[in-house]
Amino acid sequence: MECHMEKNKSQCTCTYEPCSRKGKCCECIAYHRKQNQLPGCFFPPDVERTYDRSIARFIQSYRG
-8 MECHMEKNKS QCTCTYEPCS RKGKCCECIA YHRKQNQLPG CFFPPDVERT
42 YDRSIARFIQ SYRG
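Numbering-wise, the sequence shown is residues -8 to 55 according to our numbering.
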């Protein structure tokens, strides 16, 4: 499968600029999974900027 890095980068909402995985979604997901986290693009913008990628924070963000 071909990676569309430039397209992925243009749609990436992660604000962590020194990230070497930006645009490489499969690497990003694998990295965060090993950390027991979710990628930044799963979070609302205000929560993403906190860099708290925990599953608990994800659930808290979307609870009504």
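Glycine included, every Cβ here is placed at the ideal spot set by N, Cα and C. Since this is a predicted model, take the numbers as computed values, not measurements.
Delimiting residues of the alpha helix (DSSP H) encompassing R12: The residue given as residue 12 occupies position 21 in the sequence shown. First-last for R12: undefined, no H or E at that position.
For K13 and K0, which I take to be in contact (beta-carbon distance under 8 Å), what is that distance rounded to the nearest angstrom? If you number the sequence shown from 1, residue 13 lands on position 22. If you number the sequence shown from 1, residue 0 lands on position 9. Contact holds; Cβ gap of about 6 Å.
Report buried or exposed for P9, applying the criterion of at least 16 other Cβ atoms within 10 angstroms of its Cβ. If you number the sequence shown from 1, residue 9 lands on position 18. Result: exposed.
Return helix, strand or coil for Q28, following the three-state DSSP convention. As a working note, residue 28 is residue 37 in the sequence shown. Three-state DSSP puts Q28 in a strand.
Hey, out of R24, Q26, F49, whose CA is closest to P36's CA? Taking the sequence shown and counting its residues from 1, one reaches residue 36 at position 45. Considering only alpha carbons, the answer is F49.
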